[in-house]
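Enquirer: For reference, the structure I am asking about is given below.
Chains as they are written, first to last, in my numbering: chain Y, 38 to 235; chain A, 38 to 235.
See the structure below:
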């Protein structure tokens with residue numbers, strides 16, 4: 038399984054935002070929605086063996102499970118609506134127990150650290166870093182988890198957590214990419230390297 | 038220069054659509070907006086040496102010029118607003134003369150064929166095709182132009198035009214990708230191959 042953890046620093050933690058203003062009033066939820074798109078969509082298909090976690094302001098996490106997703110559409114607005122639906126149930130989110138808020142979408146009251154802890158136990162954690170090894174030079178791990186940040190840099194505390202969690206540091210290319218573009222390139226690397234498919 | 042031509046089959050040709058409904062009432066303008074995002078955005082930067090053409094239902098073309106873009110934001114809605122602004126000027130678009138409708142954004146009354154004709158004269162046209170050569174096996178052309186379709190397949194007429202125009206047929210990987218993801222992968226290929234930068 039391929040996992041993606043996207044740390045949203047400027048993300049909503051309540052459902053009181055307008056779907057007309059997801060790049061403003063909802064922080065930068067648009068960035069996170071594009072990451073979900075990149076994580077799951079193929080042409081006329083969904084990548085079922087993918088799980089993506091949107092960490093919202095270190096307080097809640099909305100997890101998308103490829104094998105169970107039914108109502109995911111590619112546009113930002115409809116994905117933002119799924120996140121808003123999830124946050125509607127936030128009073129029910131106690132401890133780390135997930136609540137399924139729509140098919141394949143669940144909410145937990147977890148910040149960055151417990152999400153990374155869970156991912157570490159299941160995956161080879163890959164940190165995308167401008168000083169990392171070129172992606173083409175390394176063999177793809179069997180169950181990779183990529184950890185990315187939204188439009189902001191990782192905080193020092195997150196960078197420390199990630200340095201502890203990461204098994205590999207990898208660079209995707211000479212340019213610094215948006216998180217959603219990095220997910221697309223990571224998928225292509227894994228697809229092309231033949232991991233899981235050839 | 039890198040160019041991208043995205044053929045929108047299900048795209049608006051008048052500005053009478055709501056920005057709240059760009060994946061419905063405006064056809065699938067959301068797809069085209071994501072292609073613009075992928076064509077231009079780097080982390081905290083714009084790719085200046087890129088031109089992207091959105092062909093709207095074979096009737097109008099909105100062209101984004103990286104070196105002149107000032108008001109481009111990454112979210113779908115604000116890009117859709119630039120397209121709507123361009124279509125507001127459609128009565129002024131006569132022949133193939135471009136009208137600049139916002140900084141770096143221009144409208145022409147051109148369908149697929151004249152846009153391909155213009156691109157052929159300036160570029161090496163690359164057709165993305167599932168039977169093409171693996172992208173890693175070919176040397177990147179100096180001024181590549183990638184021609185893509187929105188969520189629909191090329192029509193037979195478009196496929197014929199493209200077969201005539203294309204200098205290369207290339208495959209990006211084993212999976213069929215959304216057009217915006219294909220643009221991201223194409224950029225990464227060109228970045229990594231060192232074209233224009235190293």
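Glycine residues also receive a C-beta, built at the ideal position from the N, C-alpha and C atoms. Remember, predicted model here, so these are calculated numbers, not experimental data.
When you check each C-beta in the segment 187 to 220 of chain Y against every C-beta of chain B, which residues fall closer than 7 angstroms?
Expert: No chain B appears in this structure, whose protein chains are Y and A.
Enquirer: Rounded to a whole number of angstroms, what is the C-alpha to C-alpha distance between residue 44 of chain A and residue 147 of chain A?
Expert: Those two C-alpha atoms are separated by around 12 angstroms.
Enquirer: Is the segment 147 to 159 of chain Y in contact with the segment 89 to 99 of chain Y, if contact means three or more CB pairs nearer than 8 angstroms?
Expert: yes
Enquirer: Determine the DSSP secondary structure at residue 192 of chain A, reduced to helix, strand or coil.
Expert: Taken through DSSP and simplified to helix, strand or coil, residue 192 of chain A comes out as coil.
Enquirer: If you run the structure through DSSP and keep just helix, strand and coil, what is residue 181 of chain Y?
Expert: strand
Enquirer: Determine, using beta carbons only, whether residue 182 of chain Y and residue 161 of chain Y come nearer to each other than 8 angstroms.
Expert: yes
Enquirer: Buried or exposed, going by whether 16 or more other CB atoms sit within 10 Å of the CB of residue 179 of chain Y?
Expert: exposed
Enquirer: Roughly how many angstroms separate the alpha carbons of residue 107 of chain Y and residue 138 of chain Y, rounded to a whole number?
Expert: Straight-line Cα distance between these residues: approximately 12 angstroms.
Enquirer: Can you check whether the C-beta of residue 222 of chain A is within less than 8 angstroms of a C-beta belonging to chain Y?
Expert: yes
Enquirer: Taking 8 angstroms as the threshold (C-beta atoms), are residue 221 of chain Y and residue 75 of chain Y in contact?
Expert: yes
Enquirer: Measuring straight from C-alpha to C-alpha, what distance separates residue 204 of chain Y and residue 212 of chain Y?
Expert: 22 angstroms
Enquirer: Would you say residue 229 of chain A reaches chain Y, if we count a Cβ-Cβ gap shorter than 8 angstroms as a contact?
Expert: yes
Enquirer: Of all the CB atoms in chain Y, is at least one closer than 8 angstroms to the CB of residue 80 of chain A?
Expert: yes
Enquirer: Pull up the distance between the alpha-carbon of residue 227 of chain A and that of residue 176 of chain A, whole angstroms please.
Expert: Answer to the nearest angstrom: the Cα atoms are 9 angstroms apart.
Enquirer: Check the Cβ of residue 110 of chain A against every Cβ in chain Y and list those closer than 8 angstroms, keeping chain order.
Expert: Residue 110 of chain A reaches chain Y at 60, counting residues in chain order whose Cβ is nearer than 8 angstroms.
Enquirer: How big is the Cα-Cα spacing for residue 191 of chain Y and residue 61 of chain Y?
Expert: 20 angstroms
Enquirer: In whole angstroms, what is the alpha-carbon distance linking residue 225 of chain A and residue 84 of chain A?
Expert: 12 angstroms
Enquirer: Kindly indicate the opening and closing residues of the beta strand (DSSP E) around residue 137 of chain Y.
Expert: 136 to 139
Enquirer: In whole angstroms, give me the CA-to-CA distance for residue 111 of chain Y and residue 78 of chain Y.
Expert: 7 angstroms
Enquirer: Could you name the residues that DSSP lists as bridge partners for residue 93 of chain A?
Expert: As computed with DSSP, residue 93 of chain A is found in a beta bridge with A:45, A:97.
Enquirer: Hey, would you say residue 87 of chain A sits closer than 8 angstroms to residue 103 of chain A, going by beta carbons?
Expert: yes
Enquirer: Look at the alpha carbon of residue 232 of chain A and the alpha carbon of residue 38 of chain A, and state the distance between them as a whole number of angstroms.
Expert: Confidence in residue 232 of chain A is poor, its pLDDT being 48 and thus under 50, which makes the residue's placement unreliable; the coordinate value appears in the next sentence. Taking the straight line joining both Cα atoms gives about 10 angstroms.
Enquirer: According to DSSP, simplified to helix, strand and coil, what is residue 144 of chain Y?
Expert: strand
Enquirer: Check whether the Cβ atoms of residue 52 of chain A and residue 125 of chain A lie closer than 8 angstroms to each other.
Expert: yes
Enquirer: Looking only at C-alpha atoms, which of Y:58, Y:72, Y:56, Y:48 sits nearest to residue 223 of chain Y?
Expert: Answer by Cα proximity: Y:72.
Enquirer: Please return the same chain residues whose Cβ sits closer than 7 angstroms to the Cβ of residue 219 of chain A, not counting the five positions on each side in sequence.
Expert: 165, 185, 209
Enquirer: Using only the heavy atoms of the ligand FAD, determine whether one of them is closer than 7 angstroms to the beta carbon of residue 74 of chain A.
Expert: Here there are no bound small molecules, and the ligand FAD is not part of this structure.
Enquirer: Could you please give me the residues that DSSP links to residue 126 of chain Y through a beta bridge?
Expert: Looking at the DSSP assignment, residue 126 of chain Y forms no beta bridge with any residue, so it has no partner.
Enquirer: Closer than 7 angstroms by C-beta to residue 156 of chain Y: which residues in its own chain qualify, once you throw out the five before and the five after it? Chain order, please.
Expert: 40, 42, 162, 182
Enquirer: Residue 142 of chain Y and residue 207 of chain Y - do their beta-carbons sit closer together than 8 angstroms?
Expert: no
Enquirer: Give the secondary structure of residue 103 of chain A by DSSP, where H, G and I count as helix, E and B as strand, and everything else as coil.
Expert: helix
Enquirer: Establish whether the CB of residue 113 of chain A and some CB of chain Y are separated by less than 8 angstroms.
Expert: yes
Enquirer: Starting from residue 75 of chain Y, find everything on chain A with Cβ-Cβ shorter than 7 angstroms and list it in chain order.
Expert: Taking the beta carbon of residue 75 of chain Y as reference, the chain A residues within 7 angstroms of it are 218, listed in sequence order.
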